[in-house]
Amino acid sequence: MDLVLHDIDIAAFIGREGHGSIVDFGLHDLDKLAGWTGPIEGLVRTRALSAMVNTDCSPEVISACAEGLAVQSRWQDLLADFLRCAQIGTATIEIARQVLRRTLPTHPLVVLDGPPSHAVAVYDALCDGTELTFVTDATSDQNRPWIVLDLADPVGRAKQVSATMLNGRITIPVEEMDWVDPRHVTCPAFAAIAQ
Amino acid sequence: MDVSTLLLRSGRSEPGDYDRKILSLRNGYRIAKLIDTDIDIDRFMKNAVDVIGRKYGGDALDSYITTTMSVIKNFSQDIDIFAASVLNSVVLQMNFQTRIFIDGNQSIIFDGDPEYFAIAMLHGNATQGIRIASEAGMTEVPVWANKSPALEINMSTLHVLPMGEVTKFQAANGTRFTGAILIADPPVDGGAISFTERYAEIAHSLGPDTIYCLTGTAEMVFDVAMQVEKLDPTVDLYIKPYAIRNGRALEYRAALVFSGLDQLPDLVVRPGVTKECTFDYKLSDNGGDLASINYGIRTISGRNNNDGVPDIAAVDGMWENARVRRPFFLSSSAPLPLEARERTSQDQEILHTALRIKDGIMIPVEDPSSSTFVFSSGKGKVVNDHGTDPTGTPFYQSAKVNADGVRRAVMKSDRLVRVTGAAMPLMFTPQLHKWHSHFMIQCLPRIRIIRDMEEDVAILLPHDLRKKQIEMLDLLGFGEDKIVWIQRTDVVQADTLYYPWPWRLAFSEYNSAVYDEIADKVEAYERPTPKRVLISRESRKSWRNLINYDAVRQMLVEEFGFEVISPEKMTLSEEVYTYRNADIVVGAEGAGMYGAVFSRPAAKYITICDEDYVMPILGSLAEVRGFDIGYVFGESFRADKDVNRRLLWGHADFAIDVERLRKAVQTALS
Chain A
1 MDLVLHDIDI
11 AAFIGREGHG
21 SIVDFGLHDL
31 DKLAGWTGPI
41 EGLVRTRALS
51 AMVNTDCSPE
61 VISACAEGLA
71 VQSRWQDLLA
81 DFLRCAQIGT
91 ATIEIARQVL
101 RRTLPTHPLV
111 VLDGPPSHAV
121 AVYDALCDGT
131 ELTFVTDATS
141 DQNRPWIVLD
151 LADPVGRAKQ
161 VSATMLNGRI
171 TIPVEEMDWV
181 DPRHVTCPAF
191 AAIAQ
Chain B
196 MDVSTLLLRS
206 GRSEPGDYDR
216 KILSLRNGYR
226 IAKLIDTDID
236 IDRFMKNAVD
246 VIGRKYGGDA
256 LDSYITTTMS
266 VIKNFSQDID
276 IFAASVLNSV
286 VLQMNFQTRI
296 FIDGNQSIIF
306 DGDPEYFAIA
316 MLHGNATQGI
326 RIASEAGMTE
336 VPVWANKSPA
346 LEINMSTLHV
356 LPMGEVTKFQ
366 AANGTRFTGA
376 ILIADPPVDG
386 GAISFTERYA
396 EIAHSLGPDT
406 IYCLTGTAEM
416 VFDVAMQVEK
426 LDPTVDLYIK
436 PYAIRNGRAL
446 EYRAALVFSG
456 LDQLPDLVVR
466 PGVTKECTFD
476 YKLSDNGGDL
486 ASINYGIRTI
496 SGRNNNDGVP
506 DIAAVDGMWE
516 NARVRRPFFL
526 SSSAPLPLEA
536 RERTSQDQEI
546 LHTALRIKDG
556 IMIPVEDPSS
566 STFVFSSGKG
576 KVVNDHGTDP
586 TGTPFYQSAK
596 VNADGVRRAV
606 MKSDRLVRVT
616 GAAMPLMFTP
626 QLHKWHSHFM
636 IQCLPRIRII
646 RDMEEDVAIL
656 LPHDLRKKQI
666 EMLDLLGFGE
676 DKIVWIQRTD
686 VVQADTLYYP
696 WPWRLAFSEY
706 NSAVYDEIAD
716 KVEAYERPTP
726 KRVLISRESR
736 KSWRNLINYD
746 AVRQMLVEEF
756 GFEVISPEKM
766 TLSEEVYTYR
776 NADIVVGAEG
786 AGMYGAVFSR
796 PAAKYITICD
806 EDYVMPILGS
816 LAEVRGFDIG
826 YVFGESFRAD
836 KDVNRRLLWG
846 HADFAIDVER
856 LRKAVQTALS
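Here the protein sequences line up with chains A and B, keeping their order. Residue numbers for the first sequence follow the working numbering, beginning at 1 and rising by one. Residue numbers for the second sequence follow the working numbering, beginning at 196 and rising by one.
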């Protein structure tokens with residue numbers, strides 16, 4: 001009986017049936033909703049936008065979310081919490097970059113002058129005590145700066161590092177990141193970001 | 196990982212998710228097949244499309260949800276999978292955090308739609324689930340429960356209790372801490388939920404670790420979220436807005452999870468959607484946002500609405516004359532009042548106009564004496580000078596006048612359906628379609644209005660249309676891509692909302708033309724159909740029963756060779772061809788006789804009615820189609836003097852003088 005699904009083609013099924021009846025929210029939906037609830041502002045708006053970034057990574061949503069985070073008095077906690085919960089990708093890191101640009105202009109992430117070309121949460125890495133190696137699907141960033149960010153403390157633990165890349169494997173020296181424990185290098189993840 | 200991951204990482208499934216989805220679906224299908232051996236893979240997959248097309252949280256959570264919810268969705272098709280997943284994730288989180296050996300069991304308090312209770316409690320075996328109800332009871336065991344380790348649920352941990360018994364129950368079970376309060380889609384008719392009133396009894400068991408979770412309309416959830424932020428800006432709060440697609444419309448929904456509050460928060464949950472509305476919004480004062488539309492300039496032969504009826508003289512529109520054919524035979528067993536006799540021969544005038552509201556809201560209003568829609572602007576200003584009269588509704592009567600003289604009332608509904616673009620209801624009251632005759636005369640033909648407006652307009656249709664009604668719409672080119680299905684109490688908001696003026700009960704050239712189109716497009720019916728037709732009254736069980744139907748049937752069948760048909764049991768094709776081929780048709784005035792929309796000109800129709808039910812409908816159709824019409828009126832059973840309890844225009848049970856009917860048939864056949 002359970003062999004029936006061997007040949008199932010989910011891509012074809014989704015192509016035929018769509019993604020189902022659940023639809024992602026956009027900014028215009030939030031505006032329409034405000035017609036019934038009154039203005040949606042502050043933490044609630046920021047948290048709603050945070051939950052929308054995974055599906056709507058338009059510049060408008062990103063900047064609205066970043067602005068919402070940056071104006072909160074406890075923005076550091078909220079940013080760390082956002083990075084912990086959200087799917088790490090270029091949109092997420094761009095939000096972090098915009099928040100930090102407004103709040104900590106000297107932060108290593110702010111050296112990026114625009115959205116990163118590549119951002120990944122690293123769950124599996126090897127460390128020989130001096131070098132940390134992990135695999136990404138980035139293939140064209142060999143000569144660009146890499147920024148490593150501790151997702152648990154993105155404000156205090158971030159560094160631009162030099163890395164070598166070969167066949168998608170990236171190797172970075174651990175000594176440049178004193179918060180990295182070479183014995184515990186997988187989860188919780190850190191993010192590797194390339195300009 | 197916790198439930199926040201589910202709120203922040205969910206989205207469309209991508210190719211990288213497909214291998215994981217397949218593995219999880221394979222397990223889900225195996226379980227579903229154990230429960231219902233008739234399920235095939237296509238049905239399983241279609242029912243689970245919301246699970247397959249979406250990724251729920253991180254990879255591992257998505258694996259779990261894909262298996263469990265793909266099974267559950269096959270047996271609980273109306274549930275919102277995302278809401279169910281959030282509720283269950285909170286319980287899983289609590290279950291993990293429960294320290295039975297130190298603190299004893301933790302309670303999960305559940306309020307709202309009972310269908311989500313067992314789903315929320317899936318695998319929550321170390322907690323005590325307590326669903327709040329008006330009286331103690333049992334939770335029905337879901338069909339999927341414990342059919343696999345993936346769907347493990349300990350039913351002995353699910354309890355149904357009135358709020359007043361919760362503390363006693365917790366004490367008896369060694370529970371000192373309420374780990375979570377879950378509120379899932381509370382119904383509007385249950386009223387607002389004040390936390391400080393409803394949960395006062397368990398306040399002592401709540402603390403910073405208590406998780407609060409609310410799912411339902413986005414309007415309700417965001418309202419509560421904003422209250423929470425106001426109460427404590429440092430609260431741990433996650434909120435995820437999303438929408439459920441309904442044809443061309445969206446229903447906004449959201450899930451809220453918060454914790455970190457030291458004590459029972461002072462919050463009020465206002466279920467569904469609410470809006471404060473004001474009255475006295477006039478067409479004449481609001482050009483632009485409100486307009487009356489003349490929709491039939493090229494297709495209606497009539498005259499402009501610029502005279503004759505002062506109260507609607509300002510409305511742009513066309514008067515169409517619906518002529519009523521003079522009968523070839525009329526006989527009555529009781530004296531007919533003058534106005535009844537006039538209805539058999541007096542032409543009717545139908546006003547064609549539609550109200551257009553930019554950012555309009557349609558609100559169903561029903562009570563035992565009133566059933567209608569009222570319309571308002573997006574800001575809640577109810578229109579009071581076009582189409583329906585809101586002043587006769589309970590909604591208006593619930594309003595209070597403030598110091599400025601403004602009349603205000605709060606609209607409440609379980610659901611708000613939003614249409615992007617233009618929309619128009621096919622009905623002009625929430626349940627009009629249930630009378631097929633009204634559907635045929637005053638609803639279905641309104642699709643011509645959409646065509647005349649030459650605009651892309653979604654039609655708002657009740658979810659419980661009959662199969663044949665849907666088939667007719669489909670033949671007219673109004674399939675799923677143009678439809679928004681609505682429930683009886685749904686409020687609808689559209690960027691542009693059209694509301695055509697309700698037509699009088701008469702057929703005209705304009706409103707009967709759609710039936711020629713249906714007859715042309717329906718597939719041919721190859722079998723022979725009767726020439727002499729009696730419309731059966733055997734399935735009629737409510738009012739206007741012909742109590743001597745047996746005698747009528749016997750006379751017509753035995754003396755004249757009539758054959759009895761039941762149109763409601765026929766396919767559309769059989770119905771069209773039966774009426775098209777009939778030479779003579781006898782039946783009581785009503786939907787069965789209005790199959791005459793498919794008749795041919797030479798046919799004879801004899802309508803039998805009670806003395807009070809004298810309508811111009813079949814006479815007007817006879818004029819349009821060119822067939823002959825006769826009337827035989829019987830005697831109805833109601834108190835002559837008790838006018839107050841008599842329904843407008845009859846509807847009483849009645850008997851027909853068989854001899855009068857025989858003469859009518861003889862005249863028709865001569």
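Just so it is clear, CB atoms sit at the ideal spot from N, CA and C, and this is done for glycine as well. Just so it is clear, the structure is predicted and the values come from calculations on it, not from any experiment.
Contact between B/T334 and B/M350 holds: their C-beta atoms lie close to 7 Å from each other, under 8 Å.
Taking C-alpha positions only, B/K677 is separated from B/E392 by approximately 46 Å.
Using a Cβ-Cβ cut-off of 8 Å, B/V244 counts as an interface residue toward chain A, since at least one Cβ of chain A sits closer than that to its own. Contact between the segment 485 to 492 of chain B and the segment 537 to 555 of chain B is present: 3 or more CB-CB pairs across the two stretches fall below 8 Å.
Check the Cα spacing between B/V355 and each of B/S593, B/L525, B/L459 and B/M316: the tightest is with B/M316. Taking each of B/G582, B/V577 and B/R610 in turn and checking the Cα distance to B/A594, the smallest one comes out for B/V577. Scanning its chain for C-beta atoms nearer than 6 Å, with the 5 sequence neighbours on each side dropped, one finds around B/A517 the residues Q543, I545, A701, S703 and S815, in chain order. Per the coordinates, the alpha-carbon of A/V53 lies some 55 Å from the alpha-carbon of B/G790. The closest CA to that of B/F390, considering only B/L459, B/L229 and B/L445, is found on B/L459.
Residues N776, A777, D778 and I779 of the same chain have their beta carbon placed closer than 8 Å to that of B/K726, with the five preceding and five following residues left out of the count.
Contact note: B/F417 reaches chain A through L33, T37, I40, V44 and A48, using a C-beta cutoff of 8 Å and chain order. The shortest CA-to-CA distance from B/L203 to any of A/A163, A/G89 and A/P154 is the one to A/G89. For the options B/D807, B/F757, B/L668 and B/K629, the alpha carbon positioned closest to that of B/L864 is the one of B/F757.
With its beta carbon at least 8 Å from every one in chain B, A/S117 lies outside the interface. Below the 7 Å Cβ cutoff, chain A contributes C85 as neighbours of B/T200, in chain order. Within the segment 565 to 585 of chain B, contact with chain A at the beta-carbon level (separation under 7 Å) is assigned to G573. Boundaries of the alpha helix (DSSP H) harbouring A/P59: P59 to A70, taken from the DSSP string. The beta carbon of B/I558 is closer than 6 Å to those of V569, M606 and V686 in its chain, skipping five residues each way along the sequence. Taking every protein chain shown into account, the CB of A/F134 has 16 or more other CB atoms within 10 angstroms, so this residue is buried.
Annotation for B/V819: the continuous alpha helix (DSSP H) segment containing it runs I812 to R820. Per DSSP, the unbroken alpha helix (DSSP H) holding B/Y772 starts and ends at L767 to N776.
Cβ contact annotation for B/V510 (same chain, cutoff 7 Å, sequence separation greater than five): S487, N500, T548 and H581, in chain order.
Here DSSP, grouped into helix, strand and coil, assigns A/H28 to helix. A residue is called buried once 16 or more other Cβ atoms fall within 10 Å of its Cβ, and B/E818 is buried on that count. The shortest CA-to-CA distance from A/S50 to any of A/E41, A/A66 and A/T37 is the one to A/A66. Taking C-beta separations shorter than 8 Å and ignoring five residues to either side along the sequence, the partners of B/M619 in its chain run A549, R641, I644, I645, V652, A653, I654, L655, L692, Y693, Y694 and P695, following chain order. Here the alpha carbons of A/V148 and A/V174 stand approximately 11 Å from one another. Within chain B, the C-beta atoms nearer than 8 Å to that of A/L30 come from P436, in chain order. Burial of A/L78 is indicated by the presence of at least 16 other C-beta atoms within 10 angstroms of its C-beta. Listed in chain order, the beta strand (DSSP E) elements of length 3 or more contained wholly in the segment 146 to 195 of chain A are 146 to 150, 158 to 161, 164 to 166, 169 to 173 and 190 to 194. Counting only runs of 4+ residues, the alpha helix (DSSP H) found wholly inside the segment 33 to 119 of chain A occupies 42 to 52, 59 to 70, 75 to 85 and 90 to 103, in chain order.
At a Cβ-Cβ threshold of 8 Å, A/L132 and A/I93 do not count as neighbours. Around B/V468, the beta-carbon contacts reaching into chain A at under 7 Å are W36. In the DSSP assignment, the residues bridged to B/L485 are B/G482 and B/I552. Counting along the chain, the unbroken alpha helix (DSSP H) around B/K228 starts and ends at Y213 to I230. Residues of chain A with a Cβ closer than 7 Å to the Cβ of B/F524 do not exist, since the nearest Cβ in that chain sits about 56 Å away.
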